[in-house]
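**Q** One structure coming up, written as structure tokens, with questions to follow.
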Amino acid sequence: MKFETPAADNPIDQLKIIGQPVSRIDGPLKTTGTAPYAYERHDVAPNAAHGFVVGATIARGRITALDTSAAEAAPGVVAVVTAANAGPLKKGNNNTALLLAGPEVEHYHQAVALVVADTFEQARAAAALVKVDYAPAEGAFDLAKAMEGAVRPEKGDGMGGAADTAVGDFHGAFAAAPVRLDATYSTPDQTHAMMEPYASTAAWDGDRLTVWTSNQMIEWGRSDLARMLGLPKDRVRLISPYIGGGFGGKLFIRADALLAALGARAAGRPVKVALHRPLIVNNTTHRPATIQRIRIGAGRDGRITAIGHKSWSGDLPGGGLETAVNQTRLLYAGAHRLTAMRLATLHLPEGNAMRAPGEAPGLMALEIAMDEMAEKLGIDPVEFRVLNDTERDPENPDRPFSQRQLVACLRLGAERFGWSRRNPKPGQVRDGDWLVGMGMAVGFRNNLLMKSGARVRLDGEGRVTVETAMTDIGTGSYTILAQTAAEMMGVGLDKVRVVLGDSSLPASCGSGGQWGANNATSGVYAACMKLREEVARTLGFNSKEAVFADGEVRAGNRAVPLAQAAGADGLTAEDTIEYGDLGKRYQQSTFAGHFVEMAVDAATGEARVRRMLAVCAAGRILNPKTARSQVIGAMTMGVGAALFEELAVDRRHGFFVNHDLAGYEVPVHADIPHQEVIFLDETDPMSSPMKAKGVGELGLCGVGAAVANALYNATGVRVRDYPITLDKYI
Ligand code: MOS
């Protein structure tokens, strides 16, 4: 189905099941530990051997000798895979470095060997016997130094946009502005720190490969794994029904999947590989650090006349940018504009997507800058943002936003949070030993339209089965897809079964970039529209008049139970939602106002979050319970980004030092006593027939700056370097 705008009234708008706060269908499986994760597929591979990955101990250079004889002779060892015996391997389209190194080493903890043994302990013990000699090479590991040699990347922002944009005369307008800010901010390298490690179980049947894995994007993964191994795509099957978190780290095939496949081939039996926690940080990808210079010029009336944002980030040769200026192109008005991104070569592990890539760290800088500018102007930070709102893409004034209710988010948020009680002068409010402050920031994340397919089947007992290669990374995909099919076919949720995460099912948009909810449900919508036509045709009904409700299909004075309509063989329909150039004609985005109250111990500097509120405008909310869970989880993550999260770089040897969950701290819900989420009542008829958008990344965007601004309001110390640890403000 090609989606034509604006979306007409359709069966989804009944809102009998869509829009209800249904609990997650997979919740009991997950909370009882019975959801089958990739490393636990004893059911499909009871005789699997265990693989243990050996990571390189240099950041850059060559392997000069690799001796696996002692490991091969160790008890229980079945095979040792290295680049020397693995056969030719290609890079995946989505990988910057090879997933099995040799003889060149591109980054620290890049895999150099996989030891396969009967038990995990045997594999781990034998892995310690693999002897590798290296000739290390010099590398660049310090972004602050490497930024001088940074270049404008030829492939633009890596997502079809430009690295640089310019409108009007930024330099002239900035110089002439009566009120100016010119400040530099920095964000650190971050790791996804998902609960379930990267894990895969692989089995070969002749030249056909099946991999049970933990991957957000089944279709990309299947293509990439086939490409790495030099196999036709149809020989590879990826199965990923349950995922214990990804946050972008599992968008792409990583070493566990490739090495499990190679290990299984060498061992002649299924092999499972989990990347052990201390290996994950340096072996896989991370969110790259940024250095961001922001210049804002405004008139004394508070209207922005010039806005400039330049960002530097680094990656391995062939890698890409952290696109930290992209939201600045769209968020505020201002006639004279300049954005630029520069890429430095760093020999740290591969940088790549982490939840709201670009926008999350970009807003961490921009939204402090806006707070600083509001203070210089003597204008309330909420009013300053309202004053500079825009209804059109400020770089392309012919292009409207499909929906933009940012001002409504800010107004409602300010009212509900009690913003008027904030003292604009920092460091003034005491509660016993605590200094108390309030801060706010805007959240902004684009809404991306992606093709997505599904198949739906109606059986002779009136049950509906939905099948799509979509994934559920803990977000609630199973549940909202079931709600969609139930609404469309007029049956209860108990009549719907959803099967996900298998590349043999119709290709789906997958879970990434907060596009999963809107696009995957739209794929199911399209398939259900076809199935409804099929049902109507079978019964001789006019499909436009047929009403599907209460397990029946009705037209005129006839009512036929769906079970009967399906017949003994059942009815099946498959379709894909597609959008043409819709995403280009309208700027589609989601918006939020984030409000935070912080308390800081005046003696020790200990910082505590007291309250958080997010008001979100993100199209129709398909399930307010799962959507709220996404947003409060993201808000918690944003507190981590503001206060704790940082991969410490060893700048001599080129690796991330704190590579486990003891050294890389993240907050949990218990750290935050009060979180509230409000969704504006919105539908976006340009986003899809579902009129929905995503919220999973919006919830994170802006939170870090809201915390930073609240800390400033509490203490009077402005910190521009994340994370804001107490040594920086005490
Ligand atoms: Mo997201 S970083 O596209 O999982």
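If you want our numbering, it's the 1-based position in the sequence shown plus 136. Note that CB positions come from ideal geometry on N, CA and C, so glycine has one too.
Using the rule of at least 16 other Cβ atoms within 10 Å of the residue's Cβ for burial, across every protein chain shown, is residue 224 buried or exposed?
**A** That one is exposed.
**Q** What three-state label does DSSP hand residue 254 in the structure shown?
**A** In this structure, residue 254 counts as coil in the three-state DSSP scheme.
**Q** Just confirm the distance between the C-beta atoms of residue 393 and residue 449, as a whole number of angstroms; I'd bet it's less than 8 Å.
**A** Contact doesn't hold; Cβ gap of about 27 Å is too wide.
**Q** Within the segment 343-429, note down every full beta strand (DSSP E) run reaching 3 residues or more, in order along the chain.
**A** Here the runs fully enclosed are 344-349, 372-375, 407-410.
**Q** Taking the C-alpha atoms as reference points, what is the distance between residue 168 and residue 636?
**A** Going by the C-alpha atoms only, they are around 20 Å apart.
**Q** Starting from the C-beta of residue 456, find all residues in its chain whose C-beta is less than 6 Å away, skip the five residues before and the five after it, and write them out in chain order.
**A** For residue 456, where only same-chain residues beyond five positions count, the Cβ hits under 6 Å are 294.
**Q** Can you name the residues that DSSP bridges to residue 733?
**A** Residue 733 is bridged to 574, 747.
**Q** Can you name the start and end residues of the beta strand (DSSP E) that residue 709 belongs to?
**A** Residues 707-713.
**Q** Cα-Cα, which of 402, 419, 718, 762 is closest to residue 410?
**A** Answer by Cα proximity: 419.
**Q** Are residue 752 and residue 581 closer than 8 Å when you measure CB to CB?
**A** Not a contact, by the Cβ cut-off of 8 Å.
**Q** Have a look at 354, 406, 359, 147 and flag the residue whose alpha-carbon is nearest the alpha-carbon of residue 386.
**A** Minimum Cα distance to residue 386 is reached at 354.
**Q** Among 471, 307, 365, 400, which one has its Cα closest to the Cα of residue 181?
**A** Of the listed residues, the one whose Cα sits closest to residue 181 is 400.
**Q** Closest by CA to residue 601, which one among 709, 497, 498?
**A** Cα-wise, what sits closest to residue 601 is 709.
**Q** Under the DSSP definition of a beta bridge, which residues are partnered with residue 234?
**A** BP columns for residue 234 are empty, so no partner.
**Q** Once DSSP output is grouped into helix, strand and coil, what is the label at residue 301?
**A** Note: residue 301 maps to strand in three-state DSSP.
**Q** Could I get the ranges of all uninterrupted alpha helix (DSSP H) runs contained in the segment 140-217, with 4 residues as the minimum, in chain order?
**A** Listed in chain order, the complete alpha helix (DSSP H) runs (minimum 4 residues) inside the segment 140-217 are 163-167, 205-208.
**Q** Whole-angstrom Cβ separation of residue 558 and residue 849, contact assumed at under 8 Å?
**A** Going by Cβ atoms, the distance from residue 558 to residue 849 rounds to 7 Å, so yes, they are a contact pair.
**Q** Can you grab the Cα-Cα spacing for the pair residue 391 / residue 247, in whole Å?
**A** Roughly 7 Å separates the two Cα atoms.
**Q** Residue 244 and residue 195 look like a contact to me (Cβ under 8 Å); what is the Cβ gap, rounded to whole Å?
**A** The Cβ separation is near 4 Å, so the contact holds.
**Q** For residue 614, which of helix, strand or coil comes out of DSSP?
**A** Looking at residue 614 - three-state DSSP - the assignment turns out to be helix.
**Q** Going by C-alpha distance, which of 212, 289, 512 is nearest residue 314?
**A** Comparing Cα-Cα distances from residue 314 to each of 212, 289, 512, the minimum goes to 512.
**Q** In terms of DSSP beta bridges, what is residue 638 paired with?
**A** Paired residues: 375.
**Q** Taking the continuous alpha helix (DSSP H) assigned at residue 766, which residues delimit it?
**A** Counting along the chain, the alpha helix (DSSP H) containing residue 766 begins and ends at 760-779.
**Q** Verify the contact flag: residue 352, CB atom, against every heavy atom of the ligand MOS, threshold strictly below 7 Å.
**A** At least one heavy atom of the ligand MOS is nearer than 7 Å to the Cβ of residue 352, so yes.
**Q** What distance in whole Å lies between the Cβ atoms of residue 569 and residue 738, which are believed to be in contact at a cut-off of 8 Å?
**A** Yes, they are in contact, since the Cβ atoms of residue 738 and residue 569 sit about 6 Å apart, within 8 Å.
**Q** Let me have the residue list for the ligand MOS: C-beta closer than 7 Å to any non-hydrogen atom, ordered along the chain.
**A** Cβ-based neighbours of the ligand MOS within the cut-off: 352, 382, 383, 384, 387, 489, 490, 491, 492, 493, 647, 648, 649, 833.
**Q** Nearest to residue 318 by alpha carbon, out of 155, 374, 508?
**A** Considering only alpha carbons, the answer is 508.
**Q** Please classify residue 407 as buried or exposed, where buried requires at least 16 other C-beta atoms within 10 Å of its C-beta.
**A** That one is buried.
**Q** Given a threshold of 16 other Cβ atoms within 10 Å of its Cβ, counted over all protein chains shown, does residue 793 qualify as buried or as exposed?
**A** Per the 10 Å Cβ criterion, exposed.
**Q** Let me make sure I understand the geometry here. Which of 661, 656, 478, 791 has the alpha-carbon closest to that of residue 421?
**A** The shortest C-alpha separation from residue 421 is found at 791.
**Q** Determine the extent of the alpha helix (DSSP H) in which residue 341 is found, giving its start and end residues.
**A** Counting along the chain, residue 341 falls outside any alpha helix (DSSP H), though it belongs to the beta strand (DSSP E) covering 335-341.
**Q** State whether the segment 850-859 contacts the segment 157-175, with contact taken as three or more CB pairs (one from each stretch) at a distance under 8 Å.
**A** Touching, no, given that fewer than three Cβ pairs across the two stretches are closer than 8 Å.
**Q** Using the Cα positions of residue 644 and residue 655, report the straight-line distance between them to the nearest angstrom.
**A** Each residue's alpha carbon lies about 8 Å from the other.
**Q** Cβ atoms of residue 498 and residue 81: under 8 Å apart, would you say?
**A** There is no way to answer for residue 81, as the model of the chain reaches only from 137 to 866.
**Q** Relative to the alpha-carbon of residue 529, which residue among 622, 550, 719, 371 has its alpha-carbon at the smallest distance?
**A** The residue with the shortest Cα to Cα distance from residue 529 is 719.
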